[in-house]
Every structure is written in C-alpha cells, then in structure tokens.
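2 protein chains.
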Amino acid sequence: MTSTTTPKRRRDRAAREREILEAAERIFGERGYQGTSMDDVAAQVGVSKPLIYQYYGSKDGLFLACLARLRGHLLDTVADAVMAAANAEDALYAGFLAWFRFLDEHPQAWSVLVDEGMLSAGPAAEATDEVRAAFIELIATMVRMNVPADRPADDDEIQIVAQSISGATERLAIWRTRSANPPPPEKVARTLQDLLWQGLHTLKSS
Amino acid sequence: MTSTTTPKRRRDRAAREREILEAAERIFGERGYQGTSMDDVAAQVGVSKPLIYQYYGSKDGLFLACLARLRGHLLDTVADAVMAAANAEDALYAGFLAWFRFLDEHPQAWSVLVDEGMLSAGPAAEATDEVRAAFIELIATMVRMNVPADRPADDDEIQIVAQSISGATERLAIWRTRSANPPPPEKVARTLQDLLWQGLHTLKSS
DNA sequence: GCTAGAACTTACTCCCAGTAAGTTACTCGG
DNA sequence: CCGAGTAACTTACTGGGAGTAAGTTCTAGC
C-alpha cells in the first residue's frame with residue numbers, strides 16, 4: 001500500500017522541511033495549535049516524529065515557522081497595496097482592503113495567525129512579537145505619512161496610533177471569520193478609513 | 001506540621017470554591033495558563049486535584065471562572081466611568097482612562113485576561129466571546145451616543161467601529177505591559193480619543 | 001449513637017511533547 | 001565496483017500533566 005501510494009524515498013533536508021511545513025500549515029489551520037499533535041504532523045508527512053524535532057526543534061518552533069511564513073505573505077501583500085497607492089488617504093484604504101481580502105482568500109492561513117495568541121506565554125512570545133513588529137512598523141510609516149509635517153506627533157503618539165490600528169484590524173479580522181454574514185472587505189476598509197482618517201490629521205502634541 | 005500551619009478542616013462548597021478561585025487567579029497571573037498545572041493549584045490550596053475537577057470541571061473551566069470574574073470587575077469599572085461622564089466626548093475619554101488605569105492597578109489580573117487568547121481553540125472559545133461581547137455592547141452603546149442622530153450609521157458600521165475600538169484598547173494594553181516605559185494612562189486615553197473622536201462624527205452610510 | 005450524604009483522597013489511565021541511541025540509504029574517493 | 005563517511009531517518013522509550021474511578025472520612029441531623 002505504501003509502496004503504491006507513497007514510494008517515499010529520502011529527500012534532502014530542504015525539500016523535507018518544505019513538505020513538513022506545508023503539512024503543518026494545513027493541520028494547524030484545520031485543528032488549531034492545541035488540537036494538533038506532532039504525531040499527527042509526522043503521520044501526515046509520512047515521516048517519524050524525531051525528524052521534525054531535528055528540523056524544527058519543538059512544537060513552538062514548527063508553529064512559529066508557519067506563522068512567520070504566513071505573516072510574511074500577508075505583510076508583502078499589504079505593503080504592496082500601500083506602496084502602490086497614489087496618496088496617503090488612498091494608501092490607508094488600500095492597506096486595509098488588502099488585509100481583509102487576503103484573509104478572505106486564505107482562511108486557513110488566518111486560523112494559524114489567530115492562534116498566535118497561543119504563544120503569549122513562553123519563550124516564543126518574543127518571536128511572535130518580532131513578527132508583529134514588522135506590521136506595526138509599516139503602520140507607523142503610514143501614520144507618519146498621514147500626520148501633517150507642521151504639527152509632528154511624538155514617538156509615543158505614533159506608537160499608540162500604530163498599535164491601535166494593528167489591534168483594530170486584527171480584531172475585525174477575527175470578528176469577520178466568526179460572523180455569519182460579515183460585511184465585504186470594501187465596506188470594512190471604508191468604514192475603518194472613515195473612522196481614522198480625520199483623527200490622523202488632528203493629533204495634538206499634548 | 002500540617003496541624004500547626006494548616007489545621008485545614010473541611011469547608012463547605014462555596015467557601016472552598018472561593019479559595020480555589022483566588023489561588024487559581026494568582027497562579028495563572030504569575031505563570032500563565034500553560035505554565036500552571038492543576039496539581040500546582042491543588043497543592044497551593046492544600047487540597048487534592050479531583051476536588052477541583054468536581055467543582056470546576058476542567059482546567060479551562062477553572063480558567064474561565066477566573067476570566068469571567070476579572071472581566072466583570074473591569075467591565076464594571078469602565079461602565080461606571082462612562083456612565084458618570086457628562087457628555088459623549090467625556091464618556092469616550094473616561095472609558096479609555098478607566099480601562100488603562102484598571103490594568104495598571106491590577107497587573108496580575110491583566111495577565112489572566114491576556115491569556116484568553118489561549119482559548120481561541122476549543123469549546124471554551126464561545127464562553128470567552130460571550131464575556132467579550134459585553135464589552136463590545138458597551139462600546140456600541142457609546143458609539144451610538146457619538147453618532148449624530150441625523151445621519152445614522154447602519155448596524156454593520158456600528159459593529160465595525162465597536163470591534164475596532166475593542167481591538168485597539170486590547171492591543172494597547174498588551175503593548176503597555178510589555179513596554180519598558182509606557183506612556184501614562186492619561187496620555188494613551190487622550191491620544192486614542194483624539195484619533196477616534198472626529199471619525200465618529202463623520203461616519204457615512206456608504 | 002447512627003446513618004446519609006457532602007467533602008475529600010489515593011491511585012490510577014491516557015495522551016502527548018520531547019529524546020537517546022541506533023539503523024538505513026545515498027555519495028564520493030579510490 | 002567497494003568501502004567509509006555522513007545525512008536522513010526510525011524504534012522505543014521517559015516524563016509530566018490532564019482527567020477519572022472508586023473509594024474513605026468527616027459532619028449534620030435525627
């Protein structure tokens with residue numbers, strides 16, 4: 001049986017790592033972090049558990065590898081949309097829109113990303129934060145674009161605003177996946193832009 | 001030895017439940033969800049593990065009991081501040097301020113609340129959502145107060161805004177606890193209010 | 001005192017992350 | 001073609017923690 005369906009020969013490390021990562025992404029996406037055992041992943045790939053440990057170190061390590069890759073895709077997608085926009089106002093909207101569209105198009109990816117809360121304890125927390133920091137940085141850049149140059153906000157304010165936007169978009173994404181009839185990405189992006197655009201111009205240095 | 005330090009007699013159920021809950025709150029707060037074992041809690045209370053299972057059903061059950069209680073306190077505090085405000089603009093600021101102050105004053109409580117992400121998978125997720133829903137509802141109420149009556153936003157828009165604010169405040173809270181020198185609650189509340197106040201008035205029915 | 005039931009315990013099972021130590025297949029120099 | 005070296009991979013385990021079955025002890029009320 002195994003000989004017909006899976007004449008699994010040895011692969012070199014890079015190929016095997018990719019194979020494991022893909023399976024892990026799928027299974028984590030389906031069953032969540034807690035619901036997935038390393039034996040599950042191993043069985044799915046058709047490989048024994050210690051091999052995964054050799055390549056990824058731990059369950060957290062494997063999960064973080066998935067997380068980093070998915071975050072990377074998402075970040076690229078959003079960043080591209082932002083960079084392609086003609087002006088600051090469009091950039092804000094385009095960024096939101098790209099975010100929500102990506103999440104609609106990659107639902108299993110989002111399951112993994114949401115589960116990152118799983119890692120709020122443990123040594124993996126820093127890695128998770130790093131991966132989020134890239135987003136915060138992108139948002140902060142956009143915020144600086146939006147704030148009028150003649151009334152510069154201080155760093156704390158930039159951070160506060162960037163964190164707020166990051167938190168808002170994440171919660172909206174979670175809400176949309178759990179909602180029976182979520183409003184379309186365009187509507188959410190539009191509303192969010194309406195909510196934030198004015199305020200970005202009137203930030204006062206307290 | 002046990003007779004001198006802990007002449008632990010039997011207590012009636014309600015008293016024991018309280019005792020367990022308090023210990024659990026403390027230990028979860030110190031070590032997080034993953035880092036806490038049921039044996040730890042049992043040992044701390046001076047009771048055996050099955051008793052805890054009899055009263056709280058499961059580890060998730062115990063954690064959720066802590067969560068619900070802390071959320072309740074927090075919600076009450078914020079709701080009081082909002083209700084005491086003279087007008088909508090003040091209510092927004094007062095609500096944010098109460099939120100961030102409470103979290104400053106109850107750091108171990110917040111550790112537990114943050115760990116709720118832990119429960120994003122499993123049957124506990126709905127309970128977590130319910131407890132969060134109360135907040136969303138409070139925020140939605142405030143949002144309705146803020147939106148001018150002559151240009152009513154639709155329900156989707158109210159939800160989008162409420163979810164955004166909930167997400168923003170949660171992420172800001174997490175950021176502040178992890179930050180070495182977080183800005184004071186007043187500053188965060190002020191900045192957030194500046195960011196959102198204008199937008200709340202210009203919501204358009206797309 | 002005696003009994004009914006609540007409060008509580010001992011002593012397990014099972015599952016899963018992680019590991020020690022070994023085995024098999026590919027590769028490259030001769 | 002052949003042996004040696006190494007990368008790829010496995011079997012068979014440990015340890016720890018969630019959850020449970022089956023009792024045992026205290027106490028309240030008669």
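If you read the protein sequences in the order shown, they are chains A and B. Per full-length UniProt numbering, the first sequence starts with residue 1, numbered consecutively. Per full-length UniProt numbering, the second sequence starts with residue 1, numbered consecutively. Glycine residues also receive a C-beta, built at the ideal position from the N, C-alpha and C atoms.
- Linking residue 178 of chain A to residue 18 of chain B through their CA atoms gives a straight-line distance of about 34 Å.
- Taking C-beta atoms as the reference points, residue 158 of chain B and residue 140 of chain B count as a pair closer than 7 Å.
- Collapsing the DSSP output to three states places residue 177 of chain B in a helix.
- One thing to note: residue 161 of chain A has its Cβ within 7 Å of the Cβ of residue 195 of chain B.
- Taking the C-beta atoms as reference points, residue 173 of chain A is found nearer than 7 Å to residue 103 of chain A.
- Here residue 66 of chain A has 21, 24, 25, 28, 112 as same chain residues with Cβ atoms under 7 Å from its own Cβ, once five neighbours each way along the sequence are excluded.
- Using a Cβ-Cβ cut-off of 7 Å, residue 202 of chain A is close to 194, 198 of chain B, given in chain order.
- The continuous alpha helix (DSSP H) containing residue 114 of chain A extends over residues 107-114.
- If you draw a 10 Å sphere on the C-beta of residue 15 of chain B, you find fewer than 16 other C-beta atoms in it, and that means exposed.
- In chain order, 167, 168, 170, 171, 172 make up the part of chain B whose C-beta sits under 7 Å from the C-beta of residue 167 of chain A.
- Burial of residue 163 of chain A is indicated by the presence of at least 16 other C-beta atoms within 10 angstroms of its C-beta.
- Annotation: residue 45 of chain A to residue 51 of chain B spans about 42 Å, alpha carbon to alpha carbon.
- 7 Å or more divides the Cβ of residue 182 of chain A from the Cβ of residue 101 of chain A.
- Residue burial annotation: residue 57 of chain B is exposed, with fewer than 16 other C-beta atoms found within 10 angstroms of its C-beta.
- Any Cβ of chain B closer than 7 Å to the Cβ of residue 137 of chain A would place that residue at the interface, and such an atom is absent.
- At a cut-off of 7 Å between C-beta atoms, residue 157 of chain A counts as an interface residue with respect to chain B.
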